[in-house]
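If you count the sequence shown from 1, position 257 lands on 347 in the working numbering, and the numbers rise without skipping.
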Amino acid sequence: MKAKINFEDKFNITSHIVFDKFRITVSIDNETDRKYMRQYIFKYNFNITIIEEVTSEIIYANVKYSHYCNNDIEFILKYYIRSYGIKNFKEISFESNYLTDYISPIDYFWFNKRKGIQNQDLLYKSIDILDFNFYLEDIRIKSSISVGNILKDGIRSDLKLNTILNFQLNKISNLDISFQIFDIVLKFLQMMSYRKNVSFNKIILKGIDDNEKNKIGYLYANIESNDVISSSSYNASFLLTNNHISDIFQTLVDDKCFYVKHLPNKYDDLFDIDVIRYFLIFSAFESEYNKIYDNTKNHKDSSLKGIKKILLNKINEINCDYFNENEKKCLLDAKSVIGNIGKRVKTIEKIINSLQKYKKCIEGTLEYKYLDYDDLFSYAKKVCDIRNDIVHENYDTQFDQFQIFDIKILEYLTYAMFLSRCKFNDNEINHIIKKVFWGYSVSYLMIKK
């Protein structure tokens, strides 16, 4: 199709494009336009606006990366919005099977029935089960979770008790904000479902026209999920987290470097830990620890400084004029190792500190029973030794059962620290960890709560 393309509001070109899912191929005949386009080749994370000439439909997209494709230029999209000629919005709503799985309407209405709340119309109406707020930059976002409207599309309805997560902005905003909200919702679902692969059924943007809300377009994200949701056993559960959902969203907004790479791709990978996932869990642990204990970040133990200085001075006194190349490299390696002394000690100290602080959070897990709280140093050393063995190629890449237990404890602590930043108390964190990792019944945990 023929369309006008705007690059970051800097310049426009008119060209023929081929739109295929999350790929846009642009054919450029004009040499002047081609010269402008070259600055966007191999560039990452920028926005483009495409206006189709016949229908005037707007495609507003965030480009993940771009490259040459034969004589043309191809853009790989991270996400895009198909809009009906409007560039601003005030409301966005999300529908997802993962959201419904996390909310678990069956559990929610079962507890409502226990409280004596009955006869709620869910066929033609939706019920707001939670209202909460958070701030994104200077924009106050009024949010709500609703359940119901089973027959909202008439005979085209899927007859499911769908859950909708809705966000209303306190002022009309450009479409860039919708991408930021999407990223936050994605991380929220990933952390609550405790898996990386989550997907969305529908993301709708709405505007304001004569004081009536109107649909202005849809947002599509370049994410895939092949995970089949069979039950809501292994997630954080809305009933256990609903008092802190506002805190969770605000934490995700404020944390510009939030880490989710350590999460399993799907539930089947939860207890499947290989070398790569071990390193990702370790990185996530240190990331969360440093956010809680800012004063320990980049902290240097002065008691080790003197020892390091003495050792380095002794090495510098060695006359290496008659050494061969291998011997000289050995001395350089020795200096490097001594220069890093203290980092491993500090890592062990981080693990021990977190174990002492979050002891109550991991009680009740199987791995906790194998943990000797009278000798936490041995546990912390074992976890660090695994990393050293892998780095120095002294490892067969297969973890035994007890090593997996040790790594899982580190993963529990990482999740506990995240929940702690979201203002959950130890008892609440303990219940959530039991639910996420061990599939405890939410009714049992609510009664214990």
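Glycine is no exception: its CB is placed at the ideal position from the N, C-alpha and C atoms.
Secondary structure at residue 143: coil, using DSSP grouped into helix, strand and coil. Per the C-alpha coordinates, the member of 248, 245, 252 and 227 positioned closest to residue 235 is 252.
In this structure, residue 512 lies near residue 337, with their beta-carbon atoms less than 7 Å apart. By the beta-carbon neighbour count (other beta carbons within 10 angstroms, threshold 16), residue 188 is buried. Annotated three-state conformation of residue 232 is strand, per DSSP. The beta carbon of residue 217 sits closer than 8 Å to the beta carbons of 210, 236, 237 and 238 from its chain, once the five residues preceding and following it are set aside; these are given in chain order. Around the beta carbon of residue 127, 16 or more other beta carbons lie within 10 angstroms, which makes this residue buried. Beyond the five residues adjoining it in sequence on each side, residue 375 comes within less than 6 Å, by CB distance, of 500 and 504 in the same chain, given in chain order. Every alpha helix (DSSP H) stretch that sits fully inside the segment 145-217 and reaches 4 residues is listed by chain position as 187-193 and 195-204. Counting every other CB atom within 10 Å of its CB across the protein chains shown gives residue 106 a total below 16, marking it as exposed. Assignment of residue 288 by DSSP, reduced to helix, strand and coil, places it in the coil class.
Nearest in C-alpha terms to residue 515, of all of 447, 113 and 366, is 447. When 427, 370, 256 and 377 are compared, the shortest CA-CA separation from residue 397 is found for 427. Taking C-beta atoms under 8 Å as the contact rule, residue 264 and residue 177 qualify, at a distance of about 6 Å. The three-state secondary structure of residue 527, taken from DSSP, is helix. Between the alpha carbons of residue 139 and residue 148 lies a gap of roughly 7 Å.
According to DSSP, residue pairing for residue 244 in a beta bridge does not occur.
Check the Cα spacing between residue 215 and each of 413, 203, 242 and 196: the tightest is with 242.
Cβ-Cβ separation between residue 327 and residue 525: approximately 5 Å, consistent with a contact (criterion under 8 Å).
Residue nearest to residue 330 within the set 165, 523 and 104 is 523 (criterion: CA-CA distance).
Around the C-beta of residue 91, fewer than 16 other C-beta atoms lie within 10 Å, and the residue is accordingly described as exposed. In the three-state scheme derived from DSSP, where H, G and I count as helix and E and B as strand, residue 488 is classed as coil. The criterion of a C-beta distance shorter than 7 Å is satisfied by residue 324 and residue 529.
Taking a C-beta distance under 7 Å as the contact criterion, residue 340 and residue 224 qualify as a contact pair. Close CB contacts of residue 371 within its chain, under the 7 Å cut and outside five residues either way in sequence, are with 352, 497, 500, 501 and 504 (chain order). By the CB criterion at 7 Å, residue 296 and residue 305 fall inside the cutoff. Minimum Cα-Cα distance from residue 349 among the listed residues 361, 280 and 405 corresponds to 280. As computed with DSSP, residue 330 is found in no beta bridge at all. Around the beta carbon of residue 245, fewer than 16 other beta carbons sit within 10 angstroms, so the residue counts as exposed. Around the beta-carbon of residue 521, 16 or more other beta-carbon atoms lie within 10 Å, marking it buried. Rounded to the nearest angstrom, the Cβ distance from residue 169 to residue 152 is 6 Å, consistent with a contact under 8 Å.
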